[in-house]
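Structure first, commentary second.
Numbering (my numbering), first residue to last: 132 to 655.
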């Protein structure tokens, strides 16, 4: 794997290797999101909008459970391991890994037991009593993900992103194949059982990924002792990260409690409300989150680099890596948002043929509004990760918490007036606020970036050029499939060339990325 402990942020070869591994992680995340979309489409067609609504209600609690037990552990372990190894403290790195893993496993066992034993009561509280079996099926995954997250944090902290990439591929592949197979086999038993079967695919996917990464750890680990790290220290340092990771899942959980009731005040029946919530939370969010997953992979990659730079007092490294990561986030999110706004009806028609005319119209409007959230959610994720890496996770959590409280308030006001579209509008505005608050905090700690406005201007100009290039296939091609394919090919080529020609990235930055021999020639 490495000679663990021999981490340097100064050599160009090290930057290039890690940059390319981060590129691999980004590509894998893209492929995983494609697989995830492929999973959602047949799942929606098998269990219908109502089934997806039930699936999302259960999954929101599952995500909340992961946020409390393990979502923070990969970040905490990776940044502490990287910090220790940057100064040659191998024993400290191993000690922190052991203690943090034990803490995560203990909390996951407790939460998993609660889901298994009281899932029926939780489902009743959500207004979907038939979901109890789904909670029992997915409860073991909480423990599996806790161990998997800790292992990924260890590898990431050692600047080895390949196990994380491999685990993502396994998770999505098993979930797609096994989950869809099980849902199809149990469809005749009713929506609730088919939904639980699909959730069983999630549990099996986490089992497969955990076993694989655990084997890699056993093969690659180095022998030697470790320094004992107090349990209290891990709890204290992990608390801000845990709170930061809980905020979004709590927000989704609150959605599950109030949206159906708020839609009732808009005039919908319970069945109509659950179906529309399923369209938003399942179908549309899976599309909106597609490009955001790529940005999250950048956040995963940058945390150990920034943490190691902080441990060695290299402010130039911190600002340089942060600047590049923010650029990449903008380059990914802005064109994605513009394309989704323009192509919303085509995307919905192609991906969800099972929807009726009314459902397609609702989904198209939701996607057009929700597309703007891609930019702000991406930047929020990046700035939160940067703040976490410099040990200001408390500040990141505070900014996100304020924004999510505003989101809940806006949702309560807007949904009874605008219907399901109100949640998309409130989400867009709250993520814009979260981005602004996080940006201001980051600038407070690191100072103003002289090239920020130039980066924003050149990326926006590149996006505008892309939009002009795809107007013809968007409005002149009748087939949704061909319109999307032509727009994707033409838009991608034009956008990449525009980004390189407008010099969004310096030549030094391009050399740290995959395909650098090609991009540097175009960007000269």
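Every residue, glycine too, gets a C-beta built ideally from N, C-alpha and C.
By how many angstroms is the C-alpha of residue 459 removed from the C-alpha of residue 571? Within the chain shown, residue 571 is the residue found at index 440, counting from 1. Within the chain shown, residue 459 is the residue found at index 328, counting from 1. Answer to the nearest angstrom: the Cα atoms are 19 Å apart.
At the level of alpha carbons, what is the spacing between residue 289 and residue 276? If you number the chain shown from 1, residue 289 lands on position 158. If you number the chain shown from 1, residue 276 lands on position 145. In a straight line, the C-alpha of residue 289 is about 20 Å away from that of residue 276.
Starting from residue 375, trace the alpha helix (DSSP H) in both directions and tell me its first and last residue. For this step, residue 375 is matched to residue 244 along the chain shown. Where residue 375 is concerned, the enclosing alpha helix (DSSP H) stretches over 362 to 397.
Got a sec? Which residues, its chain only, sit under 7 Å from residue 358 by beta carbon, not counting five neighbours each side? Position 227 of the chain shown, counting from 1, holds the residue named residue 358. Result list for residue 358: 222, 223, 226, in chain order.
Rounded Cβ spacing between residue 322 and residue 182 (contact assumed at less than 8 Å): By 1-based counting over the chain shown, the position of residue 322 is 191. By 1-based counting over the chain shown, the position of residue 182 is 51. Residue 322 to residue 182, Cβ: 4 Å. Contact.
Under 8 Å by Cβ, that's how I've got residue 406 and residue 184 pegged, so tell me the actual separation to the nearest angstrom. To locate residue 406, count along the chain shown from 1; it is residue 275. To locate residue 184, count along the chain shown from 1; it is residue 53. Rounded, the Cβ-Cβ distance is 6 Å, consistent with contact.
Inspect the beta-carbon positions of residue 287 and residue 524 and report whether they are closer than 8 Å. What you label residue 287 is simply residue 156 of the chain shown in a count that begins at 1. What you label residue 524 is simply residue 393 of the chain shown in a count that begins at 1. In this structure, residue 524 does not lie closer than 8 Å to residue 287 by Cβ.
Reference residue 491, options 260, 205, 411, closest by Cα: For the purposes of this step, residue 491 is identified with residue 360 of the chain shown, where counting begins at 1. When each option's Cα is compared against that of residue 491, the closest is 411.
Cβ of residue 553 within 8 Å of Cβ of residue 545? Counting from one through the chain shown, the residue named residue 553 turns up at place 422. Counting from one through the chain shown, the residue named residue 545 turns up at place 414. Yes, these two residues count as a Cβ contact at 8 Å.
Just reading off the alpha helix (DSSP H) that residue 547 is part of, what are its end residues? Position 416 of the chain shown, counting from 1, holds the residue named residue 547. Residues 524 to 549.
With burial defined as no fewer than 16 other Cβ atoms inside 10 Å of the residue's Cβ, what is the status of residue 316: buried or exposed? Numbered from 1 along the chain shown, position 185 holds the residue referred to as residue 316. It counts as exposed.
Mark residue 142 as exposed unless 16 or more other C-beta atoms lie within 10 angstroms of its C-beta, in which case mark it buried. As a working mapping, residue 142 is identified with position 11 in the chain shown. Low confidence applies to residue 142: its pLDDT is 43, below 50, so where it sits in the model is not reliable enough to give any reading.
For residue 484, report the span of its alpha helix (DSSP H) as first-last. Position 353 of the chain shown, counted from the start, is the residue given in the question as residue 484. Per DSSP, residue 484 belongs to no alpha helix (DSSP H) and is neither H nor E.
Assign residue 575 to buried or exposed, taking buried as 16 or more other Cβ atoms, counted over all protein chains shown, within 10 Å of its Cβ. Mapped onto the chain shown, residue 575 falls at position 444. By the 10 Å Cβ count, residue 575 comes out exposed.
For residue 201, the three-state DSSP class (helix, strand or coil): By 1-based counting over the chain shown, the position of residue 201 is 70. Coil, per DSSP.
Could you round the C-beta distance between residue 527 and residue 515 to whole angstroms and report it? I think they count as a contact, below 8 Å. Here residue 527 is taken as the residue at index 396 of the chain shown, counted from 1. Here residue 515 is taken as the residue at index 384 of the chain shown, counted from 1. That belief holds up - the Cβ atoms of residue 527 and residue 515 are roughly 4 Å apart, short of 8 Å.
Own chain, CB closer than 7 Å to residue 144, minus 5 neighbours either side, in chain order: Locating residue 144 in the chain shown gives position 13, where the first residue counts as 1. Any reading at residue 144 needs caution, since the residue's pLDDT is 48, under 50, leaving its predicted position unreliable; the model's value is listed next. Nothing meets the Cβ criterion.
Would you mind giving the Cβ-Cβ distance between residue 204 and residue 231, rounded to the nearest angstrom? I have them listed as a contact below 8 Å. Position 73 of the chain shown holds residue 204. Position 100 of the chain shown holds residue 231. Rounded, the Cβ-Cβ distance is 6 Å, consistent with contact.
Within a Cβ cutoff of 8 Å, which residues of the same chain sit near residue 133, ignoring the five residues on either side of it in sequence? The sequence position of residue 133 within the chain shown is 2, counting from 1. For residue 133, the pLDDT reaches just 42, beneath the cut-off of 50, and the residue's location in the model is therefore unreliable, leaving the point undetermined.
Span of the alpha helix (DSSP H) holding residue 228? Here the question's residue 228 lines up with position 97 in the chain shown. Here the alpha helix (DSSP H) through residue 228 covers 221 to 256.
Would you give the residue range spanned by the alpha helix (DSSP H) that residue 281 belongs to? Within the chain shown, residue 281 is the residue found at index 150, counting from 1. It spans 263 to 288 - the alpha helix (DSSP H) in which residue 281 sits, taken as one unbroken run.
Neighbourhood of residue 135 by C-beta, 7 Å cutoff - its chain only, sequence neighbours within 5 removed: By 1-based counting over the chain shown, the position of residue 135 is 4. Its pLDDT being 37, under 50, residue 135 is placed unreliably by the model, and the measurement read from it follows with that caveat. Cβ neighbours of residue 135 beyond the five flanking positions: 216, 221, 289, 353.
Reduced DSSP category for residue 637 - H, G, I as helix; E, B as strand; rest coil: Position 506 of the chain shown holds residue 637. Three-state result, residue 637: coil.
Any contact between the region 395 to 409 and the region 577 to 595? By contact I mean 3 or more CB pairs, one from each, below 8 Å. no
Looking only at its chain, what residues have a beta carbon closer than 6 Å to the beta carbon of residue 245, apart from the 5 residues adjacent to it on each side? Within the chain shown, numbered from 1, the residue matching residue 245 stands at position 114. There are no such residues.
Can you give me the C-alpha to C-alpha distance between residue 467 and residue 499, rounded to a whole angstrom? In the chain shown, residue 467 corresponds to position 336, counting from 1. In the chain shown, residue 499 corresponds to position 368, counting from 1. Cα-Cα distance, rounded: 12 Å.
Using beta-carbon positions only, say whether residue 437 and residue 531 come within less than 8 Å of one another. The sequence position of residue 437 within the chain shown is 306, counting from 1. The sequence position of residue 531 within the chain shown is 400, counting from 1. Taking 8 Å as the Cβ cut-off, residue 437 and residue 531 do not qualify as a contacting pair.
When you compare each of 211, 486, 274, 265 to residue 236 by their alpha carbons, which one comes out closest? Counting from one through the chain shown, the residue named residue 236 turns up at place 105. Closest option to residue 236, Cα to Cα, is 274.
What does the alpha-carbon distance come out to for the pair residue 596 and residue 399? Position 465 of the chain shown, counting from 1, holds the residue named residue 596. Position 268 of the chain shown, counting from 1, holds the residue named residue 399. Whole-angstrom Cα-Cα distance: 42 Å.
What would DSSP say about residue 420, mapped onto helix, strand or coil? Position 289 of the chain shown, counted from the start, is the residue given in the question as residue 420. Helix, per DSSP.
What whole-angstrom Cβ distance do residue 307 and residue 170 have, given they're in contact under 8 Å? Along the chain shown, read from residue 1 onward, the residue named residue 307 stands at position 176. Along the chain shown, read from residue 1 onward, the residue named residue 170 stands at position 39. Right, their Cβ atoms sit about 5 Å apart.
For residue 358, which three-state DSSP category applies? In the chain shown, counting from the first residue as 1, residue 358 sits at position 227. Coil, per DSSP.
Using the beta-carbon count (16 or more within 10 Å), is residue 636 buried or exposed? Counting from one through the chain shown, the residue named residue 636 turns up at place 505. The residue in question, residue 636, is buried, as its Cβ has 16 or more Cβ neighbours within 10 Å.
Just to confirm before moving on: does the CB-CB distance between residue 594 and residue 469 stay below 8 Å? Counted from its first residue, the chain shown places residue 594 at position 463. Counted from its first residue, the chain shown places residue 469 at position 338. Taking 8 Å as the Cβ cut-off, residue 594 and residue 469 qualify as a contacting pair.
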